[in-house]
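Q:
Numbering (our numbering), first residue to last: 170 to 772.
Right under this line is the structure:
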């Protein structure tokens, strides 16, 4: 959500800022803007719409200068409009901000009484006025920013420039991520470490309460108490080549078809169990309870993992939605209790809030994250990298697959440590076969496109499954919703008679996910109930599953035969392709769905 990019020491700051914003586009936004500090002071350019519109504006109205700040906005306060886009300014200062100022109404009233003139509907605009007032009282810019942020309630990452401080950038952080990068004669700020690839050699992540002062040659940080602080150096990824779609039309398609290679890479890391022995710095055999916590697609991946862990090891597992769990009364820690927090970005605000609470009551936290330099990765007690590589499409595909796969390895590791006697070697063999199984599933794309054509004018859809395939059905429904804007719901197949059958008619497409062979007769019975009421059934399963329901189904999204353990991962592929092709047939932007952001860094 939102993105900040800043640079000082550049010969053409505006061009670098625009390029930086393009790297942050995947986070989701509705407007973009920049400010450059040059010979004539601070100049601002901003536009509603995409970064290309801002780039065109800068082309028409250049802003020379070596120092600048820039922002992509995802609206939280105020409509998506030029007036509400960042940067925002007050006398002597310009700022960009990610986060939510919860006490902005009170601050706006106070500042208005002092003569502040607000030009937007945003919560952000109180920040430059607070800084401006401090500057008028004689504070230097760094102190002024510190005084201003001390008045804020909520979350923020702020980048600021001030008159009389050309070549300098100031930053502050609480709750929202921001990193400072060190390049050749330049320094940078970014919401995302990957956006600095090819520009900076190293970076430092600001911690909560930190403020920073950047010049072209150095970065100075103060902690929440105003003391100089040294933060660990992070290696910036090598130049990222995945910011283009390659032979594919969209990032989502590229990332779906990247999955066999991603799986092979993850298997090289985890298949022999050595990495898990090294990364899990606790006695796994003493684990008695696991609390999975996540949001969105990560939550559904965790719900699948709960089935695996409980089935293989007998260890009790719970799964929690982070946005709810953070406000629940948490019980005391039990001996042998651990938490597994799952997040692609490692910056999900609700999940980070849960992490803080869990550590406060003494529960060890394992983070499963794709961004290894993220706040969650740094603050957790242990970290298991997802190793999916950068994911640009807002709808998670390869990162979701990576979450399932890493948690499958984790489940085997737990079972082996608990000496359950299960043939874990066979399970690892099944994981070793997974890349080829996913490739085979991808080869069925033409049949999935036929199903997508039937969905072009659909207004709603239902997904059903049993066991681990119920949360997988929920992931399929989520993918269809977020990319195609079609209302979709997922139900445990056995619950259809408890209400959802009332939704079935001749216009209702239903996708039935076939799970384990032991449960197939139960699913067949459910499918017949749907067919008897006119539902348009599509089966997602192997040839045997399709044959078992051929009398009721109008279509099949066929997957290759596979071990029950890996079948959820193989079945993920047709769900992804179905949502992708339905969205493209409907003429929608699958990489940037409306109203959505890749990284949810506010509540």
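Ideal placement from N, C-alpha and C gives every residue a C-beta, glycine not left out.
Exposed or buried, residue 683, counting other C-beta atoms within 10 Å across all chains shown (16 or more means buried)?
A: buried
Q: Starting from the N-terminal side, write out each stretch of the alpha helix (DSSP H) that is 4 residues or longer and does not extend beyond the stretch 620–702.
A: 638–653, 689–700
Q: For the alpha helix (DSSP H) containing residue 185, name the first residue and the last one.
A: Here the alpha helix (DSSP H) through residue 185 covers 182–193.
Q: Could you have a look at residue 579 and say whether DSSP puts it in helix, strand or coil?
A: DSSP places residue 579 in helix when its eight states are reduced to three.
Q: Buried or exposed, going by whether 16 or more other CB atoms sit within 10 Å of the CB of residue 525?
A: That one is exposed.
Q: State the Cα-Cα distance for the pair residue 451 and residue 508, rounded to the nearest angstrom.
A: 12 Å
Q: If you run the structure through DSSP and keep just helix, strand and coil, what is residue 561?
A: coil
Q: How about the stretch 394–404 and the stretch 421–434: do they share at least three Cβ pairs that are nearer than 8 Å?
A: The stretch 394–404 vs the stretch 421–434: no contact.
Q: Report yes or no: do the stretch 276–292 and the stretch 215–230 share at least 3 C-beta pairs separated by less than 8 Å?
A: no
Q: With a threshold of 8 Å on Cβ separation, who are the neighbours of residue 410 within its own chain once the five nearest residues in sequence on each side are excluded?
A: Low confidence applies to residue 410: its pLDDT is 46, below 50, so where it sits in the model is not reliable, and the reading given next is rough at best. So the list is empty, once near-sequence residues are dropped.
Q: Beta carbon of residue 331, beta carbon of residue 337: below 9 Å?
A: yes
Q: So, at 8 Å on beta carbons, what are the nonlocal neighbours of residue 388 in its own chain, with the 5 sequence-adjacent residues on each side left out?
A: The residues are 349, 351, 356, 373, 381, 382.
Q: Among 271, 424, 686, 305, which has the Cα closest to the Cα of residue 635?
A: 686
Q: Ignoring anything shorter than 3 residues, give me the beta strand (DSSP E) runs that lie fully in the stretch 341–406, in order along the chain.
A: 348–351, 356–359, 371–374, 380–384, 387–391, 402–404
Q: State buried or exposed for residue 775, treating a residue as buried only when at least 16 other CB atoms are found within 10 Å of its CB.
A: Lying before the first or after the last residue shown, residue 775 is absent from the chain, which here runs from 170 to 772.
Q: Measuring straight from C-alpha to C-alpha, what distance separates residue 702 and residue 639?
A: Answer to the nearest angstrom: the Cα atoms are 22 Å apart.
Q: Can you check which of these residues, 321, 274, 620, 253, is closest to residue 288 by C-alpha distance?
A: 253
Q: Please classify residue 469: is it buried, with 16 or more other beta-carbons within 10 angstroms of its beta-carbon, or exposed?
A: buried
Q: Residue range of the alpha helix (DSSP H) that residue 436 falls in?
A: Residue range 428–439 is occupied by the alpha helix (DSSP H) that includes residue 436.
Q: Inspect the beta-carbon positions of residue 360 and residue 173 and report whether they are closer than 9 Å.
A: yes
Q: To the nearest angstrom, report how far apart residue 358 and residue 644 are at their CA atoms.
A: 34 Å
Q: What does a CB cutoff of less than 8 Å around residue 669 pick up in its chain, not counting 5 residues either side in sequence?
A: 631, 658, 660
Q: Tell me the residue span of the beta strand (DSSP E) that contains residue 316.
A: Element bounds for residue 316: not the beta strand (DSSP E) but the alpha helix (DSSP H), 310–319.
Q: If you draw a straight line from the C-alpha of residue 224 to the C-alpha of residue 335, how long is it?
A: 23 Å
Q: Given that a residue counts as buried once 16 or more other Cβ atoms are within 10 Å of its Cβ, and exposed if not, what is residue 585?
A: buried
Q: I need the straight-line Cα distance from residue 407 to residue 438, nearest angstrom please.
A: Just so you know, the alpha carbons of residue 407 and residue 438 end up roughly 20 Å apart.
Q: Which residue or residues does DSSP assign as beta-bridge partners of residue 172?
A: Answer by DSSP bridge pairing, in chain order: 241.
Q: With 16 other CB atoms within 10 Å as the buried threshold, where does residue 416 fall?
A: exposed
Q: Give the straight-line distance between the Cα atoms of residue 365 and residue 194, rounded to the nearest whole angstrom.
A: The alpha-carbon separation between residue 365 and residue 194 amounts to approximately 14 Å.
Q: Under the rule that 16 or more other beta-carbon atoms within 10 Å means buried, what is residue 560, buried or exposed?
A: So residue 560 counts as buried.
Q: When we look at the beta-carbon of residue 209 and count the other beta-carbons within 10 Å, is it buried (16 or more) or exposed?
A: exposed
Q: Give me the residue from 179, 759, 550, 733 with the minimum Cα distance to residue 476.
A: 733
Q: Given that a residue counts as buried once 16 or more other Cβ atoms are within 10 Å of its Cβ, and exposed if not, what is residue 705?
A: buried
Q: Anyone know if the C-beta pair for residue 205 and residue 178 falls short of 9 Å?
A: no
Q: What is the DSSP secondary structure of residue 330, counted as helix, strand or coil?
A: strand
Q: Between residue 376 and the rest of its own chain, which residues show a CB-CB distance below 8 Å, the 5 nearest in sequence each way excluded?
A: Taken in chain order, the residues that qualify are 342, 392, 398, 400.
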